[in-house]
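All residue numbers for the sequence shown refer to our numbering, where the first residue is 838 and numbers rise by one.
Glycine included, each C-beta is placed from N, C-alpha and C at the ideal position.
Heads up, the thing below is written out as structure tokens.
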Amino acid sequence: MTVRILHFTDVHFGTEDSRAVEAATAYAQENAHDLTVVSGDLTQTGVPAEFEAAAAWLKRLPGPVITCAGNHDTTYYNVAMRILKPWGRFKHWIGPVEGQEHRSPGLAVRTLNTARGIQMRRNWSKGRADLKDFRAAAEALNDCSDDTLQVIVCHHPLMEVLGEPITGDVTRGKQAAAILAEHRIDLVLGGHFHYPFAATYPVVDERTHGVGAGTLSTRRRGVPLSFGVIEADPTEIRVQAMDCDGGRICPGRSWALKRRKPFAPLKERHNEPELATPEGLPALDPTRHETTPPEIAAAQGAPAVAETAPREPTGV
Ligand SMILES: [Fe+2]
Ligand SMILES: [Fe+2]
């Protein structure tokens, strides 16, 4: 069985790119899929008009849709509301801020919230993982058959990705990734970087992968606007970024990720190197499983990598 997920994120209504949004919406309406995931930052500043636009857009998406909150989905400039009721508007217009669940043949998905209205650090827009919630969500998914694709959706990437324009700096992110791997979760879908990627967590059996989609907003970070198409069969997960600059959709970067074998023991590692960002945060290598055709990679200024050999840990 092959399952197909459309992955939108960081549409940022209020600063959305309307041509990209319309092209992506038309793609969703014209191409069959099992589920649409929208992984947060639906709005720019969390004001009612932006939530109304986001809710109207979600209604135009065919089939089941699952959403989580991003750091822009709280009341960005209203500190009192961020403290007292950070997700009131999200719940009113969009739905539960976490714990949304989807089940269909071959697919089990659940959302978690890594965004916070305030934090005990200056940059409250960074992520935070509540390990108890991650464990509970993973256990909730584990009641499905072993060959079902198990997916967690949260806004912030749990670990940094080399070459990304910003950090997620998720408190306890790596521990959260390890918990998900120990529970045989296959994919963790998110956004926040405004930059597509797919990379393997260097934990447990190295068969749990982080995947991020690009933005559909004008808040571009040096790469084309895009969304993601994910196809999974029993042996492989293919991730295709679909670029949509100027309202024209064309395939961008792509990756092929290995799935763990059903019922295989969780003991082997596969030499995924441990990398770190210049800030010392644990990082992932987004080129390791990249399959982007060279002409597309060259056009986007990315390295053309079909299947790279494992990199040495560089410490950079
Ligand atoms: Fe964003
Ligand atoms: Fe974000």
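Measuring C-alpha to C-alpha distances from residue 992 to each of 844, 921, 1115, 839 identifies 844 as the nearest.
The beta carbons of residue 862 and residue 898 sit closer together than 8 Å.
Not one heavy atom of ligand 2 lies closer than 7 Å to the C-beta of residue 844. Here the segment 1032 to 1049 lies against the segment 1096 to 1110, with 3 or more beta-carbon pairs under 8 Å apart. Taking the Cα positions, residue 881 is about 5 Å away from residue 849. With the rule of 3 Cβ pairs closer than 8 Å, the segment 870 to 884 counts as touching the segment 899 to 916. Taking a cut-off of 8 Å on C-beta distances, the segment 1110 to 1120 does not touch the segment 1081 to 1093, as fewer than three cross pairs fall below it. Counting the other Cβ atoms within 10 Å of the Cβ of residue 1072 gives fewer than 16, which makes it exposed.
Residue 1133 sits close to residue 1089, with the two beta carbons spaced by under 8 Å. In the structure shown, residue 1079 adopts extended strand secondary structure according to DSSP, grouped into three states. With a threshold of 7 Å, the Cβ atom of residue 1029 counts as near ligand 1, since some heavy atom of the ligand is closer than that. If you look at residue 1049, you'll find it in the beta strand (DSSP E) that goes 1046 to 1049.
Counting only unbroken stretches of 4 or more residues, the alpha helix (DSSP H) elements lying wholly within the segment 964 to 1027 are 968 to 978, 1010 to 1019, in sequence order. Per DSSP, residue 1107 is not a residue of any alpha helix (DSSP H), being assigned neither H nor E. Between the C-alpha atoms of residue 979 and residue 1020 there is a straight-line separation of about 7 Å.
In the DSSP assignment, residue 855 falls outside any beta strand (DSSP E) and lies within the alpha helix (DSSP H) extending over 855 to 867.
If you ignore the 5 residues before and after residue 961, its C-beta comes within less than 7 Å of the C-beta of 953, 955, all in its own chain and listed in chain order. Fewer than three beta-carbon pairs drawn from the segment 963 to 979 and the segment 921 to 930 are found closer than 8 Å, and the two stretches are therefore not classed as touching.
If you ignore the 5 residues before and after residue 902, its C-beta comes within less than 7 Å of the C-beta of 873, 875, 895, all in its own chain and listed in chain order.
Considering only 1053, 971, 1025, 1099, the residue with the shortest C-alpha distance to residue 851 is 1053.
The segment 1055 to 1102 is shown to contain whole beta strand (DSSP E) runs of 3 or more residues at 1063 to 1069, 1073 to 1080, 1087 to 1095, in chain order. The closest heavy atom of ligand 1 lies less than 7 Å from the beta carbon of residue 878. Using a cutoff of 7 Å, the CB of residue 907 counts as near ligand 2, since one of the ligand's heavy atoms is closer than that. For the 8 Å CB-CB criterion, residue 995 and residue 1014 form a contact. When distances are taken from the beta-carbon of residue 929 to the heavy atoms of ligand 2, even the shortest one reaches 7 Å or more. Note on the segment 847 to 934: whole beta strand (DSSP E) runs with a minimum of 3 residues are 872 to 875, 902 to 904, in chain order.
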